[in-house]
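**Student:** Sequential numbering from 22 applies to the sequence shown in this note's numbering.
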Amino acid sequence: MKKLLYSFIALLCCPLLHSQFNEKPILNLQNEDKKLLNWGYYLGFNQYDFKFEYKNDLPNILVDKSAGFNVGLIGELRLNEFTDVRFEPGLFYTQRTLGFPGFEEERDAIRIVKSTYINFPLLLKLSTRRLGNWKPFIIGGGYASLNLGSNEDSLDDNSSGTFRMKKNVYGYELGFGIDFYTEYFKFSPSIRGVFALTDELVRDEDPN
22 MKKLLYSFIA LLCCPLLHSQ FNEKPILNLQ NEDKKLLNWG YYLGFNQYDF
72 KFEYKNDLPN ILVDKSAGFN VGLIGELRLN EFTDVRFEPG LFYTQRTLGF
122 PGFEEERDAI RIVKSTYINF PLLLKLSTRR LGNWKPFIIG GGYASLNLGS
172 NEDSLDDNSS GTFRMKKNVY GYELGFGIDF YTEYFKFSPS IRGVFALTDE
222 LVRDEDPN
């Protein structure tokens, strides 16, 4: 079934790839990038991890990462032919399951951490010259994020089964992608790496 699905997708993509890499393609949306301001939206998938720094030589905490989703808006300001500033506010939902070694009871060893982030990234997008109906780019910048499921203000801590994190998170993201110009719209798939600069953990008074 999977092979059939992949073959079907490949057949759909072949005409698109042929038209994109034709020596003299018909240019779509020729004035799209000449606007001072552009607006759009994005949909995507994410997979968040935790990075732990251990003070003592202890067994590593296991992190089971689940796929999450993100949705948001795009505001793009054109600086010149190759440079744009982007603001991409959005909602990111993700889930991570932590496994603490050394505990026999599941209620002590397992913590399911569900996070809903409201993300506010300000990014710089650097593009190449347009090549027919596609244009590669790299993108990066800083972000501020609000974790709605942080439990920061909870009086219960990890010993009571509540994993607490800080509400406010700051970091940066880097990525690359390609702008594809179709007949009716511009489609811009990209791959991003998001890295927090702040410590998200709220320490317990009596950690377990």
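The beta carbon of each residue, even a glycine, is placed where N, CA and C say it ideally should be.
What you are looking at is a predicted structure, and each value in this text was computed from that prediction instead of being measured.
Output needed for Gly161: all residues of its chain with C-beta closer than 8 Å, excluding positions within five of it in sequence on either side, in chain order.
**Tutor:** Within the sequence shown, numbered from 1, the residue matching residue 161 stands at position 140. Excluding positions up to five away in sequence, the list reads Leu144, Leu145, Tyr193, Glu194, Leu195 and Gly196.
**Student:** Taking the alpha helix (DSSP H) that Glu127 belongs to, which residues open and close that run?
**Tutor:** Stepping through the sequence shown from its first residue, residue 127 is reached at position 106. Start and end: Glu127 to Ala130.
**Student:** Kindly indicate which three-state DSSP category Ser87 falls into: helix, strand or coil?
**Tutor:** As a position in the sequence shown, residue 87 is number 66, starting the count at 1. Ser87: coil per DSSP, three-state reduction.
**Student:** Can you give the Cα-Cα distance for Asp129 and Ala88, rounded to whole angstroms?
**Tutor:** Stepping through the sequence shown from its first residue, residue 129 is reached at position 108. Stepping through the sequence shown from its first residue, residue 88 is reached at position 67. C-alpha separation (whole angstroms): 24 Å.
**Student:** Does the beta-carbon distance from Asp200 to Phe158 come in below 8 Å?
**Tutor:** Numbered from 1 along the sequence shown, position 179 holds the residue referred to as residue 200. Numbered from 1 along the sequence shown, position 137 holds the residue referred to as residue 158. Yes, the Cβ-Cβ distance between Asp200 and Phe158 is below 8 Å.
**Student:** Based on Cα-Cα distance, which residue from Leu167, Glu97 and Leu83 lies nearest to Lys55?
**Tutor:** In the sequence shown, counting from the first residue as 1, residue 55 sits at position 34. Closest option to Lys55, Cα to Cα, is Glu97.
**Student:** Val84 and Arg132 look like a contact to me (Cβ under 8 Å); what is the Cβ gap, rounded to whole Å?
**Tutor:** Against the sequence shown, residue 84 aligns to sequence position 63. Against the sequence shown, residue 132 aligns to sequence position 111. Wrong, their Cβ atoms sit about 10 Å apart, outside the cutoff.
**Student:** Would you decide whether Pro122 is buried or exposed? Buried here means 16 or more other CB atoms lie within 10 Å of its CB.
**Tutor:** The residue labelled residue 122 in the question sits at position 101 within the sequence shown. By the 10 Å Cβ count, Pro122 comes out exposed.
**Student:** On the CB-based measure, 16 or more other CB atoms within 10 Å of its CB, does Tyr191 come out buried or exposed?
**Tutor:** The count along the sequence shown starts at 1 and reaches residue 191 at position 170. That one is exposed.
**Student:** By Cβ distance below 7 Å, which residues in the same chain neighbour Leu147 in space, the five residues on each side in sequence not counted?
**Tutor:** The residue given as residue 147 occupies position 126 in the sequence shown. The answer, listed in chain order, is Phe103, Thr104, Phe158 and Ile159.
**Student:** Taking just the CA atoms, how far does Ser209 sit from Gly61?
**Tutor:** The residue you call residue 61 lines up with position 40 of the sequence shown. The residue you call residue 209 lines up with position 188 of the sequence shown. Answer to the nearest angstrom: the Cα atoms are 10 Å apart.
**Student:** I'd like to confirm the pairing. Which residues does DSSP put opposite Ile139 in its beta bridges?
**Tutor:** Residue mapping note: residue 139 aligns to position 118 of the sequence shown, counting from 1. Answer is Leu112 and Leu167.
**Student:** Under the three-state reduction of DSSP, which class applies to Asn77: helix, strand or coil?
**Tutor:** Reading the sequence shown from its first residue, position 56 is the one you call residue 77. Reduced to three states, the DSSP call for Asn77 is coil.
**Student:** What are the partner residues of Ile160, as DSSP defines its beta bridges?
**Tutor:** Numbered from 1 along the sequence shown, position 139 holds the residue referred to as residue 160. According to DSSP, which records beta bridges pairwise, Ile160 is partnered with Lys146 and Gly196.
**Student:** Does chain D have any CB closer than 8 Å to the CB of Gly163?
**Tutor:** Within the model displayed, chain D is absent; a lone protein chain is all it includes.
**Student:** Flag this pair as yes or no: are the beta carbons of Leu64 and Val106 separated by less than 8 Å?
**Tutor:** Counting from 1 along the sequence shown, the entry for residue 64 is found at position 43. Counting from 1 along the sequence shown, the entry for residue 106 is found at position 85. Taking 8 Å as the Cβ cut-off, Leu64 and Val106 do not qualify as a contacting pair.
**Student:** How would you call Asn189, buried or exposed, if buried means at least 16 neighbouring beta carbons within 10 angstroms?
**Tutor:** Working through the sequence shown from its first residue, we reach residue 189 at position 168. By the neighbour-count rule (16 or more Cβ atoms within 10 Å), Asn189 is not buried but exposed.
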